[in-house]
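Peer 1: Mapping the sequence shown onto our numbering, position 53 (from 1) lands on 371, and the numbers just tick up by one.
Supplied in structure tokens, the structure appears directly below.
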Amino acid sequence: MHLLDVFFELLIEDGIIDNVWSDSWNEIDNVNFLDRGINRCNEYPNGKTISPSYGHLPNLAGDAEQYFSRWADFIARNNSIPDQISLHFLYGNRDLNTSISSSKQYLEAGGIDYQGV
């Protein structure tokens, strides 16, 4: 049995699964990414979800603002807003304040209420 399967079984047995935050996909651009679906997350409907995290900016056909504004609009329109949104795809030249400011701007452009850090 896989270690994570044992871990999740113990969480279920102990009745604490609703306190688990699931990272949908973390750095899918990484060569070690496991090809996994969302079935595990669907087993825990009361668990919290963290948005997919991508270690590098995508190949932007336009500009970053346009790309992330469309993304925010899409998740708002499809009622698929994660409980937590990863910021590490917004580099901000290693400046956290810039990343937070950009994230807030993109979310608000998509009509998503910014809840803070």
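Cβ atoms here follow ideal geometry from the backbone N, Cα and C, with glycine treated the same way.
Bear in mind the structure is a predicted one, so any value in this text is a computation, not a measurement.
Quick one: give me the first and last residue of the alpha helix (DSSP H) that Q423 is part of.
Peer 2: L414 to A427
Peer 1: Would Y424 be called buried (16 or more neighbouring beta carbons within 10 Å of its own) or exposed?
Peer 2: buried
Peer 1: What three-state label does DSSP hand I393 in the structure shown?
Peer 2: helix
Peer 1: Helix, strand or coil: how does DSSP classify Q402 here?
Peer 2: strand
Peer 1: Could you check if S421 is buried or exposed, using at least 16 other CB atoms within 10 Å of its CB as the buried criterion?
Peer 2: buried
Peer 1: Helix, strand or coil for I330? Go by DSSP, reduced to three states.
Peer 2: helix
Peer 1: Since I believe I418 is in contact with I399 (beta carbons under 8 Å), could you give me their beta-carbon distance rounded to a whole number of angstroms?
Peer 2: So it is not a contact: roughly 17 Å between Cβ atoms.
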